[in-house]
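Inspection log for the structure reproduced underneath, given as structure tokens.
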Amino acid sequence: MPRSDPLDETTDFLGSQGFSTARFGLILGTGFGRCVRAVEQKTVVPYCAIPHFPVSTVQGHEGNLVYGDWGGASVIVMQGRIHLYEGYDIRQVAYPLEVMGRFGVEILVLTNAAGGLNPSYEAGDLMVVRQHVHPIGQKQMGELTEETAGGPCYDDAVRASLLQISIQRKRPVRQGILAWMPGPSFETRAEISVLKSLGADAVTMSTVPEALAARRIGMRTAAISCISNVWTGRAGETVDTDDVVSTVEDSAERCADLLIGLVHRMSTRA
Ligand code: HPA
Numbered sequence: 014m015p016r017s018d019p020l021d022e023t024t025d026f027l028g029s030q031g032f033s034t035a036r037f038g039l040i041l042g043t044g045f046g047r048c049v050r051a052v053e054q055k056t057v058v059p060y061c062a063i064p065h066f067p068v069s070t071v072q073g074h075e076g077n078l079v080y081g082d083w084g085g086a087s088v089i090v091m092q093g094r095i096h097l098y099e100g101y102d103i104r105q106v107a108y109p110l111e112v113m114g115r116f117g118v119e120i121l122v123l124t125n126a127a128g129g130l131n132p133s134y135e136a137g138d139l140m141v142v143r144q145h146v147h148p149i150g151q152k153q154m155g156e157l158t159e160e161t162a163g164g165p166c167y168d169d170a171v172r173a174s175l176l177q178i179s180i181q182r183k184r185p186v187r188q189g190i191l192a193w194m195p196g197p198s199f200e201t202r203a204e205i206s207v208l209k210s211l212g213a214d215a216v217t218m219s220t221v222p223e224a225l226a227a228r229r230i231g232m233r234t235a236a237i238s239c240i241s242n243v244w245t246g247r248a249g250e251t252v253d254t255d256d257v258v259s260t261v262e263d264s265a266e267r268c269a270d271l272l273i274g275l276v277h278r279m280s281t282r283a
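Here the sequence shown stands for residues 14 to 283, where the numbers follow our numbering.
Here it is as structure tokens:
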């Protein structure tokens, strides 16, 4: 008997729970979980109930897959994400993206908490990612970097829309280069200095593997970082995870407002 495809099993199950086609996808990182409040007529399924789906194990990640109506369009939301440092490999991190692809997601927004490296950044700032660097992790992400080498990961038009919407709302976002580090511990002073010398504006432990997976699938992707802490480079600097979560929570509403604006704009234009 032919073995069934895990993706078929996952999507069939989600279909039985009320999931259907969606043009937009959203991954909510640390502290962004409350953005889900903006989703109406929700179907909420915990990751642990979904066949073949990886489960988030980290503080500040609720671990629900949500389907619903977002500013008049259908959306699939990951409320909490999967990190490589949780012991998952790149295929497992990419799996939820494959699932979203099966439901027709074309436009994907990734959110994350990030440490600020640019000296002009302040905690609570939102930064739209222009490009990324991952000075280490070539091996972990190998399969995806090789297959998709070179091409841009972040969609210029979606990024420009986010910027314009933020200006209209009189709270302009930053634009910058995001560095990926494997975690789970925060960076050392020496690593911070290396990342700054590479021109990175912020550093995170997520998002880049997902952006690579989304590029392979052909999604138009944007990423928004909330600067949860700022690295000045002084000796003895530490970061408290509770502070990271609460700083992002304070900016999550502003991010949700930006995202609703994006859905309206993308639904009426491209
Ligand atoms: N480094 C990496 N990831 C992070 C940070 C940081 O300083 N803050 C929030 N996520």
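Virtual Cβ for every residue (Gly too), placed ideally from N, Cα, C. All of these numbers come straight from a predicted model, not from anything done at the bench.
{"Query": "Member of Val142, Gly128 and Met91 whose CA lies at the smallest distance from the CA of Gly196", "Result": "Gly128"}
{"Query": "Cβ-heavy atom distance, Met154 to the ligand HPA, below 6 Å", "Result": "no"}
{"Query": "Sequence ranges, beta strand (DSSP E) only - wholly within the segment 70 to 158, length at least 3", "Result": "77 to 83, 86 to 92, 120 to 129 and 139 to 146"}
{"Query": "Span separating the alpha-carbon of Ala192 from that of Arg267", "Result": "23 Å"}
{"Query": "Reduced DSSP category for Ile273 - H, G, I as helix; E, B as strand; rest coil", "Result": "helix"}
{"Query": "Runs of beta strand (DSSP E) lying entirely within the segment 173 to 261, each at least 3 residues, in chain order", "Result": "187 to 193, 215 to 217 and 233 to 243"}
{"Query": "Three or more C-beta pairs below 8 Å linking the segment 139 to 149 and the segment 82 to 99", "Result": "no"}
{"Query": "Ala173 beta carbon near the ligand HPA (any heavy atom closer than 6 Å)", "Result": "no"}
{"Query": "Beta-carbon separation (whole angstroms), Val122 vs Leu225, contact threshold 8 Å", "Result": "The pair is not a contact, with the Cβ atoms about 16 Å apart (cut-off 8 Å)."}
{"Query": "Lining residues of the ligand HPA - beta-carbon closer than 6 Å to any non-hydrogen atom, in sequence order", "Result": "Ala126, Ala127, Gly128, Met194, Phe199, Glu200, Val216, Thr217, Met218, Ser241, Asn242, Val252 and Val257"}
{"Query": "Of the residues Trp244, Asn242, Glu223 and Val52, the one placed nearest Thr234, counting alpha carbons only", "Result": "Glu223"}
{"Query": "Cβ pair count under 8 Å reaching 3, the segment 205 to 225 against the segment 143 to 154", "Result": "yes"}
{"Query": "First through last residue of the beta strand (DSSP E) which encompasses Thr56", "Result": "Glu53 to Pro59"}
{"Query": "Within 7 Å, strictly: CB atoms of Asp168 and Ile190", "Result": "no"}
{"Query": "Straight-line Cα distance separating Ala248 from Arg202", "Result": "7 Å"}
{"Query": "Proximity below 7 Å, CB of Cys166 to CB of Arg228", "Result": "yes"}
{"Query": "Three CB pairs or more closer than 8 Å across the segment 238 to 255 and the segment 23 to 38", "Result": "no"}
{"Query": "Length of the line joining the Cα atoms of Leu175 and Ile103", "Result": "28 Å"}
{"Query": "Phe37 (DSSP reduced to helix, strand or coil)", "Result": "strand"}
{"Query": "First through last residue of the alpha helix (DSSP H) which encompasses Pro19", "Result": "Pro19 to Ser29"}
{"Query": "Candidates Leu157, Leu271 and Trp83, of which the one nearest Arg184 by Cα", "Result": "Leu271"}
{"Query": "Alpha carbon of Leu27 to alpha carbon of Arg47, nearest angstrom", "Result": "22 Å"}
{"Query": "Sequence-distant residues of its chain with Cβ nearer than 7 Å to Thr23 (five each side left out)", "Result": "Ile63, Pro64, His65, Phe66 and Val112"}
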